Every structure is written in C-alpha cells, then in structure tokens.
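What follows is one structure encoded as structure tokens, with my remarks underneath.
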Amino acid sequence: MSLLEIKNLHVQVDGNEILKGIDLTVNAGEVHSIMGPNGSGKSTLAQVLARRDAYEVTKGSILFEGKDLLEMKPEEAACEGVFLAFQYPVEIPGIGNTYFLRSALNAQRKHRGLEEMDAMDFLPMFREKLKLLEMDDKLMNRSLNEGFSGGEKKRNEILQMAVLEPKLAILDETDSGLDIDALRIVAGGVNSLRSPERAMLVVTHYQRLLNYIVPDFVHVLVDGRIVRSGGKELALELEERGYSWTEHEPVGARS
Amino acid sequence: MSTDMNVVHEMAAKDYEWGFVTDIEEDRIPKGLDEGVIRMISAKKNEPEFMLEWRLNAYRYWASQEKADAEPKWANVHFPPIDYQNIAYYSAPKQKKTLNSLDEVDPEILRTYEKLGIPLAEQKLLANVAVDAVFDSVSVATTFKAKLAEAGVIFCSFSEAVLKHPDLVKKYLGSVVPHTDNFYAALNAAVFSDGSFVYVPRGVRCPMELSTYFRINAAETGQFERTLIVAEEGAYVSYLEGCTAPMRDENQLHAAVVELVALDNAQIRYSTVQNWYPGDKNGKGGIYNFVTKRGKCLGRNSKISWTQVETGSAITWKYPSCILQGDNSVGEFYSVALTNNYQQADTGTKMIHLGKNTKSTIVSKGISAGHGQNTYRGMVKIMKGATGARNYTQCDSLLIGDKCGAHTFPYIEVKNASARMEHEAATSKIGEDQLFYLQQRGIKTEDAVSMIVSGFCKQVFKELPMEFAVEAQKLLAVSLEGSVG
Numbered sequence: 613m614s615l616l617e618i619k620n621l622h623v624q625v626d627g628n629e630i631l632k633g634i635d636l637t638v639n640a641g642e643v644h645s646i647m648g649p650n651g652s653g654k655s656t657l658a659q660v661l662a663r664r665d666a667y668e669v670t671k672g673s674i675l676f677e678g679k680d681l682l683e684m685k686p687e688e689a690a691c692e693g694v695f696l697a698f699q700y701p702v703e704i705p706g707i708g709n710t711y712f713l714r715s716a717l718n719a720q721r722k723h724r725g726l727e728e729m730d731a732m733d734f735l736p737m738f739r740e741k742l743k744l745l746e747m748d749d750k751l752m753n754r755s756l757n758e759g760f761s762g763g764e765k766k767r768n769e770i771l772q773m774a775v776l777e778p779k780l781a782i783l784d785e786t787d788s789g790l791d792i793d794a795l796r797i798v799a800g801g802v803n804s805l806r807s808p809e810r811a812m813l814v815v816t817h818y819q820r821l822l823n824y825i826v827p828d829f830v831h832v833l834v835d836g837r838i839v840r841s842g843g844k845e846l847a848l849e850l851e852e853r854g855y856s857w858t859e860h861e862p863v864g865a866r867s
Numbered sequence: 096m097s098t099d100m101n102v103v104h105e106m107a108a109k110d111y112e113w114g115f116v117t118d119i120e121e122d123r124i125p126k127g128l129d130e131g132v133i134r135m136i137s138a139k140k141n142e143p144e145f146m147l148e149w150r151l152n153a154y155r156y157w158a159s160q161e162k163a164d165a166e167p168k169w170a171n172v173h174f175p176p177i178d179y180q181n182i183a184y185y186s187a188p189k190q191k192k193t194l195n196s197l198d199e200v201d202p203e204i205l206r207t208y209e210k211l212g213i214p215l216a217e218q219k220l221l222a223n224v225a226v227d228a229v230f231d232s233v234s235v236a237t238t239f240k241a242k243l244a245e246a247g248v249i250f251c252s253f254s255e256a257v258l259k260h261p262d263l264v265k266k267y268l269g270s271v272v273p274h275t276d277n278f279y280a281a282l283n284a285a286v287f288s289d290g291s292f293v294y295v296p297r298g299v300r301c302p303m304e305l306s307t308y309f310r311i312n313a314a315e316t317g318q319f320e321r322t323l324i325v326a327e328e329g330a331y332v333s334y335l336e337g338c339t340a341p342m343r344d345e346n347q348l349h350a351a352v353v354e355l356v357a358l359d360n361a362q363i364r365y366s367t368v369q370n371w372y373p374g375d376k377n378g379k380g381g382i383y384n385f386v387t388k389r390g391k392c393l394g395r396n397s398k399i400s401w402t403q404v405e406t407g408s409a410i411t412w413k414y415p416s417c418i419l420q421g422d423n424s425v426g427e428f429y430s431v432a433l434t435n436n437y438q439q440a441d442t443g444t445k446m447i448h449l450g451k452n453t454k455s456t457i458v459s460k461g462i463s464a465g466h467g468q469n470t471y472r473g474m475v476k477i478m479k480g481a482t483g484a485r486n487y488t489q490c491d492s493l494l495i496g497d498k499c500g501a502h503t504f505p506y507i508e509v510k511n512a513s514a515r516m517e518h519e520a521a522t523s524k525i526g527e528d529q530l531f532y533l534q535q536r537g538i539k540t541e542d543a544v545s546m547i548v549s550g551f552c553k554q555v556f557k558e559l560p561m562e563f564a565v566e567a568q569k570l571l572a573v574s575l576e577g578s579v580g
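Quick mapping for you: the protein sequence lines, in order, are chains A and X.
Numbering-wise, the first sequence is residues 613 to 867 according to my numbering.
Numbering-wise, the second sequence is residues 96 to 580 according to my numbering.
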C-alpha cells in the first residue's frame with residue numbers, strides 16, 4: 613500500500629477550478645518535488661492535503677495509508693502524520709513556542725494512544741532538535757513566531773517537523789525568503805529527517821532548494837495539471853529552459 | 096461560515112456550572128424601597144446612629160435622583176427600565192443566634208461554598224488565602240481571623256466593622272466614593288447590607304491573600320455589598336473577590352461599591368474574577384452588574400492595582416478607577432472582559448492624576464463572541480498640578496464570529512503640558528489562519544480557540560495571584576464554549 617495516493621483530484625476555490633485532475637502516488641521513504649510557475653496550484657495541493665476547508669474538492673480521492681484523507685479534519689490528518697511546513701507561518705501572541713509545541717506533540721501522542729510527555733522528558737529531546745536547526749533557545753521563550761525574522765520562521769517550521777516526526781511532510785515554498793546560510797541549515801534539518809518510514813513533498817518554484825534536498829522524483833505542475841514527471845534531472849532542465857517548454861512539448865518528447 | 100468555526104459554535108452551550116440554588120430559610124424584608132426600609136435594614140444590623148444617618152442621607156439623594164430620572168444612560172448597554180420598587184433589599188440566611196465559629200454556620204451554606212470550590216474550613220485551606228463569604232446580603236464566615244489578628248490586620252464583614260471599629264468606618268466610609276457619586280453608588284450607600292472590611296496597619300505586609308466570595312442565592316432580591324480597604328503607611332495587601340449566582344429567568348441587580356485607600360508607600364492589589372450568571376444563550380435572565388470601584392492613592396509613592404476578569408453578568412457597568420493624589424503614586428488597571436451570547440459589557444477605568452510624577456498603566460483586553468457587545472470606556476485626566484505625569488494605555492479587542500461587537504471610547508484630558516501619554520489600540524479577529532495553524536499541528540479546534548484567547552489575555556493573567564490565574568484561564572475557556580455565531 614502506498615503512503616499517499618491521489619487520484620483525479622479536482623479542487624475549486626471560490627468557484628474557480630485550481631486543480632484539474634491530479635494523479636500522484638507517494639511511497640514511504642520517497643522525496644517528491646512539485647515544481648511549477650506561480651499560480652499553477654502547488655500551494656493549493658499542499659493546503660488540500662493538510663485539509664484546509666476553504667478548498668472544495670469536487671472530484672477525485674486522496675488515500676493516506678489507505679484511509680480517506682478527505683474525511684479527516686485538519687487536526688485528525690495531523691495526528692495521522694500529515695505535516696505542512698507553511699509558506700507563511702502565522703504569529704500567535706501570548707502562546708510560548710515551547711508550550712505550543714509540547715501541546716501539539718501531546719495532542720498527537722494522545723491520538724495514537726501514547727502517554728503524554730512531561731516537561732522533563734520533552735526538554736532534552738527538544739534541545740537536541742534545536743541544535744539540529746542551529747536555533748537559539750532564547751527564541752523559544754518568545755511567543756509563537758512573534759518577532760521572528762522570515763528565516764527564523766521557516767527554521768521554526770522545520771523544528772516543529774523534527775519534533776512531531778510526521779509520516780508525510782509537505783514543505784510549501786520553504787526556501788522562499790531564505791538567505792543562503794539559512795537555506796543550508798533548513799535543508800540540513802530536512803535531510804536529517806529523511807528516513808525509509810517518511811515521505812516528503814517539496815513544493816518550490818526554484819531549483820535552488822533541490823541542490824540541497826535532492827528529490828527522488830520531480831513533477832511539473834502547470835495550470836492545475838501535472839504535465840511532466842521525471843527524476844532529479846528534470847529540475848535542472850527546468851531551471852535551464854523555464855517552465856514554458858513543458859507547456860509546448862508533449863510529455864516524454866525529450867526522453 | 097467555515098466548518099472549523101462551526102465546531103467552535105457547537106462546543107455545546109455548556110450549562111453555567113454555578114447556577115444551582117441553595118434551599119435555605121431566609122430572613123427577608125418585603126419588596127420596595129422607602130425610608131422605612133432603610134431604617135429596618137439598619138435596625139436589623141443593630142447599627143449605631145451615625146450609620147443610619149449616613150444611609151438616610153444617601154437614600155434621600157438617591158430618591159431625588161430617581162425622581163429626576165438621573166439613572167445614567169450614557170453607557171453603551173441596553174436594557175428595559177428597572178423597577179426599584181419590585182426588588183427586595185435585604186435577604187439573609189436565617190440564623191438563630193450570633194455565630195462564634197465556623198462550626199455554627201448552617202451546613203447547607205457550607206455545602207454551597209464547597210460546591211463552588213471555596214473551602215471555608217480553615218484546616219482545609221492549602222492556599223494561603225483568608226476568605227470572607229457573603230451569602231445574599233450578609234457575610235456568613237470569615238476564615239483565618241486569628242492569624243490575621245496576630246499581624247494586626249483587620250479582616251471582617253462590614254457589619255462587624257461598623258460595630259467594632261466605628262472610628263475607622265466613620266473616617267473612611269464614602270471618602271473615595273461619596274453617595275453623590277452616581278445613581279447606583281447612592282442606592283448602594285442607602286441599602287448596602289454587608290461586604291468586607293480590611294484594615295492593614297502601618298508597615299504591615301498582610302501575611303496572606305485576602306479573598307471575599309460573593310454569592311447571590313435568593314430570588315427577586317438585589318445584592319448591594321460594600322467593601323472598604325485601608326492600607327496605612329507602608330502597608331501591603333492583596334485582595335481577591337469572586338462572584339457567582341443561580342440561574343434565574345429574571346434579571347437581578349447587583350450594585351456594589353468598593354473603596355480603597357492607600358497612604359504613604361502603601362500598596363493595594365485588588366483582583367476580581369466576576370462570574371455572575373450571564374443569562375441563557377438567548378439573553379434571558381442574568382445579573383445586572385452595576386458597580387462603582389475606586390481607589391485613592393492618598394499618600395506619596397502609594398500604588399493601587401486593579402486586575403479584573405469579567406466573564407459573567409448579563410450587563411456589566413464598571414470602571415475601577417484610581418485617584419492619584421500623592422506624589423509619585425501609581426495606578427494600574429488590567430482587564431479582561433468577555434461577552435458571549437447576548438452579554439453586554441461597558442467597562443474600563445478612570446485615572447485621575449493630581450500629584451506630581453504620578454504614573455498610570457491601563458491594559459484592557461475585550462473579547463466578544465456570539466452576539467456579545469463589549470465596550471471599553473476609559474478616562475485619563477491629568478490635572479494642572481500633576482507635573483511629570485505619565486500614562487500608558489493599551490486596549491485590544493478580539494472578535495470571535497461576525498455578530499459581536501467591540502467599541503472603544505477613550506477620553507483624554509490634559510491640563511499640564513509636561514504630561515506624557517501613550518495610547519495603543521488594536522482590534523483583531525481570531526484568524527482562520529491562526530486556528531488552522533494550530534489544528535495542522537494536531538490541536539483540536541476548541542483547544543486552539545482557548546489557546547489563542549489565553550494568549551491574547553496573557554498580559555492581564557500574569558497580574559493575577561498565581562492560584563487565581565489558573566482559575567481565570569479555565570473560566571475563560573468555559574465561558575467561550577458555544578461562542579461563535
């Protein structure tokens with residue numbers, strides 16, 4: 613059984629069809645990259661997988677470990693192991709980062725029938741993960757994402773992923789707004805989380821990130837459809853020739 | 096409306112947990128108000144002549160105001176006219192004789208307080224808190240008296256203070272809130288039946304938190320209590336009040352007065368967790384909470400802090416204020432006011448700067464949900480002599496759903512050019528993106544809402560005594576259930 617199986621997915625937002633029939637299968641241990649120009653539907657796909665309800669699925673199905681993902685609420689999908697690293701992480705005043713993350717972890721553990729983790733067990737684990745992302749633990753005493761720089765917010769997303777250890781991690785434009793050092797750190801964090809049990813869906817429109825996080829598969833999304841799929845070389849080709857060629861040449865023409 | 100918000104909505108309009116009625120024999124006087132009633136109340140309490148005079152004076156003033164239709168109408172709240180003759184002004188649990196110890200308190204009343212989570216039996220008190228319990232119109236028990244007396248602190252019911260410490264009462268009663276202050280303050284002065292009295296002598300730091308718990312039980316009565324706290328030079332006291340009432344279909348009037356006096360270098364912290372019955376989810380019933388609270392920083396370097404968490408009452412009309420008379424004195428007001436369903440709140444503060452280098456801080460957090468209407472009304476007045484005065488005001492509103500309202504009326508009056516004033520205000524909605532972010536990490540909708548709301552209120556909660564901050568947070572979560580419309 614595949615970890616994630618998307619079939620003929622059609623999605624509307626405010627009556628406009630954004631995704632027009634997506635088919636995608638992701639197995640545990642694989643890293644897939646979704647590339648495409650602005651407005652092609654990449655983020656929509658990410659949000660639908662995370663169960664944001666502003667997006668209306670009009671046709672098709674999504675199975676996650678054989679279960680109907682479209683029947684799940686966002687928190688259920690999260691507890692089942694779907695994690696979205698947001699493109700624009702929100703700030704929430706008054707909620708401490710550490711407190712938030714421990715609450716989230718415990719909510720998920722409870723869902724899985726595990727005991728909640730107390731602060732004594734949580735903190736040593738948490739400190740390890742902070743080191744991984746080269747984050748100052750002073751940041752953790754602040755409110756959730758409040759006053760964080762763009763780069764700090766993105767690192768915080770990956771930190772959360774490291775703590776929550778999802779089965780499927782969706783990275784939505786995680787590279788946007790990162791300078792080269794931050795990109796290296798974030799990618800290092802992500803790579804250390806690659807494992808045979810975990811799959812990743814890396815959404816980006818630049819090839820740059822894929823120099824650091826090398827995908828097993830690359831899919832090109834244009835106007836709501838996957839127009840081309842291939843290995844990591846496809847990303848390099850895209851970088852060289854732009855997205856437009858994928859629209860004009862039939863799939864597989866250059867192989 | 097998104098389904099997320101629906102879930103919030105459905106978080107079951109949970110029943111008001113404190114809405115039960117205690118079945119007990121009452122001693123109450125017939126409905127209505129005239130001079131005879133005032134004399135009857137005073138006689139029931141065996142009051143000395145000066146108290147009766149004081150009450151009658153207040154009554155005459157109030158009656159003239161009522162005739163002149165001078166009930167305040169400027170607040171942003173709406174309710175049908177109150178028939179003041181249709182209220183019983185005194186109700187007390189019947190007791191056969193004077194109480195000498197807690198053991199003699201009617202067990203039915205003790206059980207009520209137990210149910211409310213307020214242990215009156217002293218040995219059961221883990222927290223270092225002395226409690227005075229006011230049941231309907233009278234104080235039924237005050238705990239830890241002996242330990243307080245050792246420190247020289249007087250903490251007793253107002254009736255007892257009138258009898259045992261008449262000089263102190265005479266000196267300070269009405270010195271901060273005179274009976275002419277406003278309509279409800281006049282009514283209270285005429286008919287108040289009990290309340291708490293605290294006196295902390297010179298240089299004494301009160302060894303424990305003091306707390307009064309107010310409970311309205313009887314139907315068709317009003318509750319009019321009066322609290323007076325005096326901190327002598329260099330004294331410190333922290334005081335907390337909590338309130339609940341049974342669920343009833345009719346509206347009940349609660350018109351209290353609180354007066355605080357801080358002398359040189361004294362400090363008073365006054366915290367309120369107000370949870371009177373708010374009415375049902377259609378707006379039927381609930382307490383009218385029309386309260387006058389004011390503190391006077393009479394001495395140099397004195398400080399008065401008000402912290403309030405207002406989640407109950409159908410209507411709240413309340414402006415805990417500070418008169419900063421002593422040089423370098425400090426006034427603070429930290430407030431969380433929540434209105435859900437059809438609750439209305441018009442609350443805020445007044446900071447009157449008279450002395451030099453006086454400083455005030457106002458942090459107000461209003462939360463509106465359902466059809467709730469929440470108004471912040473604040474006044475900062477810098478008088479001519481208040482050289483070097485400073486004020487910082489921050490008032491934030493959080494809206495949950497799209498049928499509620501938040502309103503802000505800040506008044507600023509500066510008569511001394513050296514004053515420094517800062518004012519910040521913000522209104523936000525619980526963002527769908529904030530909710531989704533928390534949910535995406537596995538946190539349930541209702542937990543996500545209460546996390547966001549407590550985050551919003553954090554600045555105020557941290558001003559509450561530790562053990563009450565937790566209670567306040569829980570209360571907020573419960574009060575928000577079934578909140579979004």
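For each residue, glycine too, the CB sits at the ideal point set by N, CA and C.
Computed from a predicted model, the values in this text were never measured in an experiment.
Item to complete: Give the DSSP-derived three-state secondary structure of Tyr711/A in the structure shown.
Response: Stepping through the first sequence from its first residue, residue 711/A is reached at position 99. The answer is helix: DSSP assigns Tyr711/A an H, G or I state.
Practice prompt. Measuring alpha carbon to alpha carbon, tell me which of Met613/A, Ile634/A, Ser788/A and Gln819/A ends up nearest Lys619/A.
Written response: Counting from one through the first sequence, the residue named residue 619/A turns up at place 7. Selected option, being the one with the closest Cα: Ile634/A.
Worksheet item: Does the beta-carbon distance from Tyr506/X to Thr387/X come in below 8 Å?
Response: Here residue 506/X refers to the residue found at position 411 when the second sequence is read from its first residue. Here residue 387/X refers to the residue found at position 292 when the second sequence is read from its first residue. No, these two residues do not count as a Cβ contact at 8 Å.
Discussion item. Please list, in chain order, the chain A residues whose beta carbon lies closer than 7 Å to that of Ser545/X.
Written reply: Residue numbering aside, residue 545/X sits at position 450 when the second sequence is read from its first letter. Using a Cβ-Cβ cut-off of 7 Å, Ser545/X is close to nothing in chain A; its nearest Cβ partner there is about 11 Å away.
Discussion item. So for Trp401/X, helix, strand or coil by DSSP?
Written reply: Within the second sequence, the letter at position 306 stands for residue 401/X. Here Trp401/X carries a strand assignment [DSSP, helix/strand/coil].
Discussion item. With H, G and I counted as helix, E and B as strand and the rest as coil, what does DSSP make of Ile770/A?
Written reply: The sequence position of residue 770/A within the first sequence is 158, counting from 1. Ile770/A: helix per DSSP, three-state reduction.
Discussion item. For a cutoff of 8 Å on Cβ pairs, would you count Asp646/A as touching chain X?
Written reply: Numbered from its first residue, the first sequence carries residue 646/A at position 34. In the sequence as displayed, the identity of residue 646/A is Ile instead of Asp. Not an interface residue.
Worksheet item: For the alpha helix (DSSP H) that contains Ile547/X, what are its first and last residues?
Response: As a working mapping, residue 547/X is identified with position 452 in the second sequence. First-last of the alpha helix (DSSP H) with Ile547/X: Thr540 to Phe556.
Discussion item. Rounded to whole angstroms, what is the Cα-Cα separation between Leu348/X and Lys126/X?
Written reply: Here residue 348/X is taken as the residue at index 253 of the second sequence, counted from 1. Here residue 126/X is taken as the residue at index 31 of the second sequence, counted from 1. When rounded, the distance between both Cα atoms is 13 Å.
Worksheet item: Can you find a CB in chain A that lies within less than 8 Å of the CB of Ile538/X?
Response: Residue mapping note: residue 538/X aligns to position 443 of the second sequence, counting from 1. So yes, Ile538/X belongs to the interface.
Worksheet entry | Closer than 7 Å at the beta carbon, the chain A residues around Asp528/X | For the purposes of this step, residue 528/X is identified with residue 433 of the second sequence, where counting begins at 1. Correct list: Val702.
Item to complete: Using only the heavy atoms of the ligand SAH, determine whether one of them is closer than 7 Å to the beta carbon of Gly789/A.
Response: The model depicted lacks the ligand SAH and carries no ligand whatsoever.
Practice prompt. Mind the definition here: the region 249-258 of chain X touches the region 135-149 of chain X only if three or more C-beta pairs lie below 8 Å; say whether that holds.
Written response: They touch, by the three-pair rule.
Worksheet item: At a CB-CB cut-off below 8 Å, which residues of chain A make contact with Tyr532/X?
Response: Here residue 532/X is taken as the residue at index 437 of the second sequence, counted from 1. Chain A residues near Tyr532/X: Phe698, Pro701, Val702 and Ile704.
Worksheet entry | Cβ-Cβ distance between Leu735/A and Ser804/A below 8 Å | Indexing the first sequence from 1 puts residue 735/A at position 123. Indexing the first sequence from 1 puts residue 804/A at position 192. Contact: no.
Worksheet entry | Collapsed DSSP secondary structure at Ile792/A in the structure displayed | As a working note, residue 792/A is residue 180 in the first sequence. Reduced to three states, the DSSP call for Ile792/A is helix.
Worksheet item: Considering only the beta carbon of each residue, do Ala350/X and Phe319/X sit closer than 8 Å?
Response: Taking the first residue of the second sequence as 1, we reach residue 350/X at position 255. Taking the first residue of the second sequence as 1, we reach residue 319/X at position 224. Yes; because the gap between Cβ atoms is below 8 Å, this pair is in contact.
Discussion item. Quick check on DSSP: helix, strand or coil for Phe428/X?
Written reply: As a position in the second sequence, residue 428/X is number 333, starting the count at 1. Strand at Phe428/X.
Practice prompt. Give the single residue among Val830/A, Ile674/A and Ile792/A whose Cα lies nearest to the Cα of Val643/A.
Written response: Counted from its first residue, the first sequence places residue 643/A at position 31. Nearest option by C-alpha distance: Val830/A.
Worksheet item: So is Arg767/A in contact with chain X if we call contact Cβ pairs under 8 Å?
Response: Counting from one through the first sequence, the residue named residue 767/A turns up at place 155. For Arg767/A, the answer is no, since every Cβ of chain X falls outside 8 Å of its Cβ.
Discussion item. By alpha-carbon positions, which one of Glu327/X, Tyr154/X and Gly290/X ends up nearest to Arg300/X?
Written reply: For the purposes of this step, residue 300/X is taken as residue 205 along the second sequence, with counting starting at 1. Here the closest residue by C-alpha is Glu327/X.
Fill in: Bridge-paired residues (DSSP) for Tyr506/X
Working through the second sequence from its first residue, we reach residue 506/X at position 411. Looking at the DSSP output, Tyr506/X shares a beta bridge with Met474/X.
Worksheet entry | Separation of Phe712/A from Ala786/A, as counted between CA atoms | In the first sequence, residue 786/A corresponds to position 174, counting from 1. In the first sequence, residue 712/A corresponds to position 100, counting from 1. A quick correction: the sequence has Thr, not Ala, at residue 786/A. Their backbone Cα atoms lie some 21 Å apart in a straight line.
Discussion item. Do Ser270/X and Glu354/X count as a contact pair if the criterion is CB distance below 8 Å?
Written reply: Counting from 1 along the second sequence, the entry for residue 354/X is found at position 259. Counting from 1 along the second sequence, the entry for residue 270/X is found at position 175. Taking 8 Å as the Cβ cut-off, Glu354/X and Ser270/X qualify as a contacting pair.
Discussion item. Closer than 9 Å between beta carbons: that is the criterion. Which residues of the region 775-787 of chain A meet it against chain X?
Written reply: Answer set for the region 775-787 of chain A: Leu776.
Worksheet entry | Cα-Cα separation between Ile646/A and Arg714/A, rounded to whole angstroms | Counted from its first residue, the first sequence places residue 646/A at position 34. Counted from its first residue, the first sequence places residue 714/A at position 102. Going by the C-alpha atoms only, they are around 31 Å apart.
Fill in: For Gln160/X, three-class secondary structure by DSSP
Indexing the second sequence from 1 puts residue 160/X at position 65. In the structure shown, Gln160/X falls within a helical segment according to DSSP collapsed to helix, strand and coil.
Practice prompt. Quick one: grab the DSSP three-state call for Asn346/X.
Written response: Working through the second sequence from its first residue, we reach residue 346/X at position 251. Strand at Asn346/X.
Worksheet entry | chain A contacts from the region 551-573 of chain X (Cβ-Cβ distance under 8 Å) | Correct list: Phe551, Cys552, Lys553 and Gln554.
Practice prompt. Output, in chain order, the set of chain X residues within a Cβ distance shorter than 9 Å of Ser655/A.
Written response: Looking up residue 655/A in the first sequence gives position 43. Within 9 Å Cβ-Cβ: nothing; Ser655/A doesn't reach chain X, min ~13 Å.
Worksheet entry | Beta-carbon gap between Arg663/A and Lys685/A smaller than 8 Å | Position 51 of the first sequence, counting from 1, holds the residue named residue 663/A. Position 73 of the first sequence, counting from 1, holds the residue named residue 685/A. Cβ distance < 8 Å, so Arg663/A and Lys685/A count as in contact.
Worksheet item: Does Gln438/X come within less than 8 Å of chain A when only Cβ atoms are used?
Response: Along the second sequence, one-based indexing puts residue 438/X at 343. No, its Cβ sits nowhere closer than 8 Å to a Cβ of chain A.
Item to complete: Select from Lys553/X, Glu304/X and Pro167/X the residue whose C-alpha is nearest the C-alpha of Ser430/X.
Response: As a first step, residue 430/X must be located in the second sequence, where it is residue number 335. Per the C-alpha coordinates, the member of Lys553/X, Glu304/X and Pro167/X positioned closest to Ser430/X is Lys553/X.
Discussion item. Rounded to the nearest angstrom, what separates Pro261/X and Leu433/X at their Cα positions?
Written reply: On the second sequence, residue 261/X is found 166 positions in, with the first residue counted as 1. On the second sequence, residue 433/X is found 338 positions in, with the first residue counted as 1. Roughly 39 Å between the two C-alpha positions.
Worksheet entry | Entirely enclosed alpha helix (DSSP H) segments - the region 653-703 of chain A, minimum 4 residues | Within the region 653-703 of chain A, the complete alpha helix (DSSP H) runs of at least 4 residues are 654-661 and 686-692.
Discussion item. Please confirm whether Gln720/A has its beta-carbon closer than 8 Å to some beta-carbon of chain D.
Written reply: Considering every chain present, this structure includes no chain D. Its protein chains are A and X.
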